[in-house]
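To start, the structure itself, in structure tokens.
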Amino acid sequence: MIGLLSALAFFHYTFAACPSGFIEAGYTYHQRNNFCYKLIVNSGLSFNDSEALCQFDGAHLASIHDDEENIFLNSFAYGINAWIGLYNNNGTWTWTDGTALGFSKFICGTPSPSLNCTSMYNTHSNADCSGNTCDVYGQWTNNDCNNLGNVPAAICKKPHY
């Protein structure tokens, strides 16, 4: 019984509604870090077009700063791969909101040097990491920023105030 109550409390805590003004825009509040998130299922927009949609709402593509936030966003966007706000800016990986990169979950540990924008796998599939097969769910991969087919959604993030 206690396990069920804990699970229900976690679900309520994790997916509580955003404060007034955010609800109408389709945002979900994450109480632990005091940010609101929105999943845009965009039929395959580019990274830059997805960021522009987020900015229209006063947000940015999501920056992710710890494993707990990464797990939350995997649950939030479960079943659909999505752009997040990490991109390669002349050799430096940068978040679109300007925050520092201190946490990453790239498949096999490192991004490809030739692909400049990042998406999150929210579906289960396998990848080969130097001969070891791993499930990519919850991992990040980098893509061509104009990739219109493999990234069908975007996650926007904005502060709650």
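All the letters of the sequence shown, read from the start, carry residue numbers -16 to -1, 1 to 145 under mature numbering (1 follows the signal peptide of the UniProt record, and there is no 0). Where is the CB? At the ideal position from N, CA and C, for every residue including glycine.
query, result
"With 16 other Cβ atoms within 10 Å as the buried cut-off, status of E35", "buried"
"Inter-stretch contact (C-beta, 8 Å, three-pair minimum) for the stretch 90 to 109 and the stretch 65 to 80", "yes"
"Beta-carbon contacts of P143 that lie in its chain and below 8 Å, excluding the five residues immediately before and after", "N18, F19, C20"
"Reduced DSSP category for F90 - H, G, I as helix; E, B as strand; rest coil", "strand"
"Contained alpha helix (DSSP H) runs [length at least 4] in the stretch 20 to 62, N- to C-terminal order", "31 to 40, 51 to 60"
"Beta-carbon proximity of H49 to F87, cut-off 7 Å", "yes"
"Own chain, CB closer than 7 Å to L99, minus 5 neighbours either side, in chain order", "N126, N127, D128"
"Reduced DSSP category for H144 - H, G, I as helix; E, B as strand; rest coil", "coil"
"CA-to-CA distance, E53 to K89, given in whole angstroms", "12 Å"
"Distance between Y105 and F(-6) (C-alpha atoms, nearest Å)", "Confidence in F(-6) is poor, its pLDDT being 39 and thus under 50, which makes the residue's placement too unreliable to answer from."
"Where G69 sits in the DSSP three-state scheme", "strand"
"7 Å Cβ shell around W79 - same chain, five flanking residues per side excluded", "S47, G69, L70, L85"
"CA-to-CA distance, C118 to C140, given in whole angstroms", "27 Å"
"Proximity below 7 Å, CB of S109 to CB of N65", "no"
"C-alpha gap between W67 and A138, whole angstroms", "4 Å"
"Rounded separation between G63 and T83 - CA only", "27 Å"
"Distance CB(L37)-CB(I55) smaller than 7 Å", "no"
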